[in-house]
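All remarks here apply to the structure that follows.
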Amino acid sequence: MTTNKQYDLSYTAGALISDYFDAVMNEINDLDLFKLGEEVIHHSVVAANAESSQKRYLLEINKRYSSLLSSEKSDGVC
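Okay, so the sequence shown: first residue is 0 according to numbering that gives the first Met the number 0, each after it adds one.
Below you can see the structure in the form of structure tokens.
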């Protein structure tokens, strides 16, 4: 007797960019300048196949990082 198991599986965008986040954060030379937007990380540090994907992931990482900084400021952490 054989059974046919079916699974529903999905990934969030955040789960898919965790390795890319590490790559970007490792490229930061001055965290204060990066927070101010004065240090820019080039999209090529993201190991995605296409340049458009690299740019999209980098944009998403920057948005999430900025959101994290904003929430820390509102909590009085920064």
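Cβ coordinates follow ideal geometry from the N, Cα and C atoms, glycine included.
If you drop the 5 nearest sequence neighbours on each side, which residues of the same chain put their C-beta closer than 6 Å to that of Lys54? His42
Please classify Ala29: does DSSP put it in a helix, a strand, or coil? The residue you asked about is not Ala; residue 29 is Asp in the sequence shown. Reduced to three states, the DSSP call for Asp29 is coil.
At the level of alpha carbons, what is the spacing between Leu32 and Val44? 18 Å
Does the beta-carbon distance from Tyr56 to Ala47 come in below 8 Å? yes
Asn48 (DSSP reduced to helix, strand or coil): It is coil, neither helix nor strand.
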